[in-house]
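Chemist: Going by the numbering used here, the residue at position 16 of the sequence shown is 17; the numbering climbs one at a time, nothing skipped.
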Amino acid sequence: MLALVAGFVNAIGLLGFNHQPISHLSGTATLIGTEIADGSLTHVFHLVMVVISFLVGAAISGFVLRSGALKLGRHYSKLLFIEALCLFAATYLLTQNSEYGLYLASAACGLQNAMVTTFSGAVIRTTHVTGIFTDLGIMIGAKFRGEVFDKRKATLFLLIISGFIAGGTLGATVFAIYQFKALLIPAMICLSLAISYSIYTAKAGHATNHK
């Protein structure tokens, strides 16, 4: 679901901001280089702000998640709630033709990517799939060498890739109809995930206490 959210947001960025990605920084960093070469300082400043926003989002996640990976707790629901707020605010600002909305959307993606990275111990990313495809390629190559193929891990990777592509498809479809109001959908998904995770952790904690 988080990969779907990222793919959705990124599709809106690509369609609504001169083909500018939001959920990852590789393309943005490249654009910074090309704009510097063109001498367009205004565009450079805008792109740098996108990068800084992503970094701020990741920093928020790093501040909230003080403990190690794979620990059940309410911190994740807090971060999902913050991500939802960022996307709701981004929707409003973008419908008002404010570029600050783009910065909030970028911060939401940075927060999500850092959250999942911390949770998975730097194994999984959800806001881009370059690393996922790389890991899959490594696994396939190792299989041909005779090593055991981790089907569970491969299934997870394929689900993330499918979610990201599905999010991009859905984002492009809804954006064509509702423009930037389409961001309300990933915002609602994040809010729903935050509430669901809060309920799950509460029940898990209650069960543990009874044991």
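For each residue, glycine too, the CB sits at the ideal point set by N, CA and C.
1) Cβ of Asp136 within 9 Å of Cβ of Phe158?
2) Among the residues of its own chain, which have a CB less than 7 Å from the CB of His76, if the five just before and after it don't count?
3) Please state if the CB of Ile161 and the CB of Val130 are separated by a distance shorter than 9 Å.
4) Return yes when the Cβ of Phe165 is within less than 9 Å of the Cβ of Gly8, no when it is not.
5) Once the 5 residues before and after Leu192 are set aside, which same chain residues still bring their CB inside 6 Å of it?
6) Alpha carbon to alpha carbon, how far is Ile196 from Ile190? Give it in angstroms, no decimals.
7) Of the choices Pro187, Tyr201, Thr31, whose alpha-carbon is the least far from that of Ile83?
8) Report the rounded CA-to-CA distance for Phe134 versus Ser62, giving the unit in angstroms.
9) One question on the structure: do Leu95 and Gly17 come within less than 9 Å of each other, judged by their Cβ atoms?
10) Excluding five sequence neighbours on each side, which residues of the same chain lie with their C-beta closer than 8 Å to the C-beta of Leu112?
Modeler: Short version:
1) Numbered from its first residue, the sequence shown carries residue 136 at position 135. Numbered from its first residue, the sequence shown carries residue 158 at position 157. Yes; because the gap between Cβ atoms is below 9 Å, this pair is in contact.
2) Within the sequence shown, residue 76 is the residue found at index 75, counting from 1. Result list for His76: Val65, Leu66, in chain order.
3) Indexing the sequence shown from 1 puts residue 130 at position 129. Indexing the sequence shown from 1 puts residue 161 at position 160. In contact: Val130 and Ile161 (Cβ atoms closer than 9 Å).
4) In the sequence shown, counting from the first residue as 1, residue 8 sits at position 7. In the sequence shown, counting from the first residue as 1, residue 165 sits at position 164. Their beta carbons are under 9 Å apart, which means Gly8 touches Phe165 by this criterion.
5) Start at 1 with the first residue of the sequence shown, and residue 192 comes out as number 191. In chain order, Ala85 place their CB closer than 6 Å to the CB of Leu192, counting only its own chain and leaving out the 5 sequence neighbours on each side.
6) The residue you call residue 190 lines up with position 189 of the sequence shown. The residue you call residue 196 lines up with position 195 of the sequence shown. Those two C-alpha atoms are separated by around 10 Å.
7) By one-based count along the sequence shown, residue 83 stands at place 82. Ranking the options by Cα distance to Ile83, first place goes to Pro187.
8) Along the sequence shown, read from residue 1 onward, the residue named residue 134 stands at position 133. Along the sequence shown, read from residue 1 onward, the residue named residue 62 stands at position 61. Each residue's alpha carbon lies about 25 Å from the other.
9) On the sequence shown, position 94 is the one that residue 95 refers to. On the sequence shown, position 16 is the one that residue 17 refers to. Closer than 9 Å, so yes.
10) For the purposes of this step, residue 112 is taken as the residue at position 111 of the sequence shown. Once the five neighbours on either side are set aside, the close Cβ partners of Leu112 are Gly58, Ala59, Ile61, Ser62, Leu80, Ile83, Glu84, Cys87.
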